[in-house]
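This report concerns only the one structure given below.
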Amino acid sequence: MFHLKEQHVFYLFLMAGAGFFLKLSWDIPSGIGVENDPGAAFLPIVICVLILFLVSYLFVIEFREKSEKLFFSRAEFFALVGTLLLIFVYIFILSLIGFFASTIIFLFLFQRLNSYLLNSGGFNYKSYLVSALFSFIATLSIYFVFSVLFKMSLP
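What follows is the structure, encoded as structure tokens:
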């Protein structure tokens, strides 16, 4: 009997994505004209083929393995749905209020959500302070790396 687990679906999505990017990689022009130059498409093609090979291997290994079904607890389910919702909202508010403010808000709410649902954390001033401090420092670090070191403009 053919039983498809959630890992199989994930692996199929990864294989489809790698196949899509492999097709896009073949279309990258290599117009330098230098002899023995692999071109700009070489590394993306190698990475896509490697991903396809490794994910196919994982798919076969998972398919052969007999295991019991895994279930989410109620708290884990709400944490997953809340996280996906936060990511969705973050993507939309990023262009509205900018990187700095939206990332601080996202990281703070993400940490509070997971602390509340998964660790049964109640209202504690210290945990809120740690969450706020973490959000601010992580956002500053990301901003410093991309804006100052890589000289990229963030939204």
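Per our numbering, the sequence shown starts with residue 16, numbered consecutively.
Glycine included, every Cβ here is placed at the ideal spot set by N, Cα and C.
Distance check between Leu144 and each of Ile108, Gln126 and Leu155 places Gln126 closest, using alpha-carbon atoms only.
Contact annotation, Cys63 with Ala33: C-beta distance approximately 5 Å; criterion of less than 8 Å satisfied.
One thing to note: Phe114 has its Cβ within 8 Å of the Cβ of Leu169. Distance between Ile60 and Phe165, taken at the CA atoms: about 25 Å. The C-alpha of Val160 lies about 22 Å from the C-alpha of Ile108. Cβ-Cβ distances below 8 Å link Leu27 to Phe74 in the same chain, with the five nearest sequence neighbours on each side left out; the list follows chain order.
Listed in chain order, the non-local C-beta contacts of Ser162 below 8 Å within the same chain comprise Ser168 and Leu169, local neighbours out to five positions each way being set aside.
Using a Cβ distance threshold of 8 Å, His23 and Phe68 do not count as a contacting pair.
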